[in-house]
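Data block below; observations after.
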Amino acid sequence: MGAHAHLPTSIDLSEIRFALREQRKLLMTLSIPHAPADKQIVWPIMLGFIDAKRFLSAWCEADNRFRVIAMDDIAKLEVLAERYSRTRRQLIKEWRAHEVLPCNRSGEVC
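Under our numbering, the first residue of the sequence shown carries the number 237, and numbering increases by one thereafter.
Set out below in structure tokens:
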């Protein structure tokens, strides 16, 4: 079997990059059935790739935890004027301390 075709995301990455730089909250709607809420407010901390697929790492206000969200799963996205209360650097440090992810060199997949 061949590799799966990757469908490009319709989300404008420049909006996410702006939110990352300015530490702005994002209001997003996910297109997955098991999403914890219809619309979610997240604090974006990092964009990255896992197995050639783009992901957004963020703190999720709905369930008070860090999430790794596939860009393909984001149906709508809006950058909010409100900034989050901690710096991205602090949030990344907390994320790495609480999660076992490839980026913290443990070698396990989330």
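A virtual CB, placed ideally from N, CA and C, is assigned to each residue, including glycine.
Shortest Cα-Cα distance from Val304 to any of Arg322, Ala317, Arg260 and Leu266 involves Leu266. Under the three-state reduction of DSSP, Ile252 is assigned to helix.
When the five nearest sequence neighbours on each side are left out, the beta carbons in the same chain lying within less than 7 Å of the beta carbon of Lys312 are those of Met264 and Thr265, in order along the chain. Your pair Lys261 and Glu330 does not check out as a contact, with CB atoms roughly 17 Å apart and the cut at 8 Å. Counting every other CB atom within 10 Å of its CB across the protein chains shown gives Pro280 a total of 16 or more, marking it as buried. Residue pairing for Pro269: DSSP places it in no beta bridge. Per DSSP, Ala294 lies in no alpha helix (DSSP H) segment; the continuous beta strand (DSSP E) that holds it begins and ends at Lys289 to Cys296. Under a 10 Å Cβ-count criterion, Gln326 is classified as exposed, with fewer than 16 other Cβ atoms of the shown protein chains found around its own Cβ.
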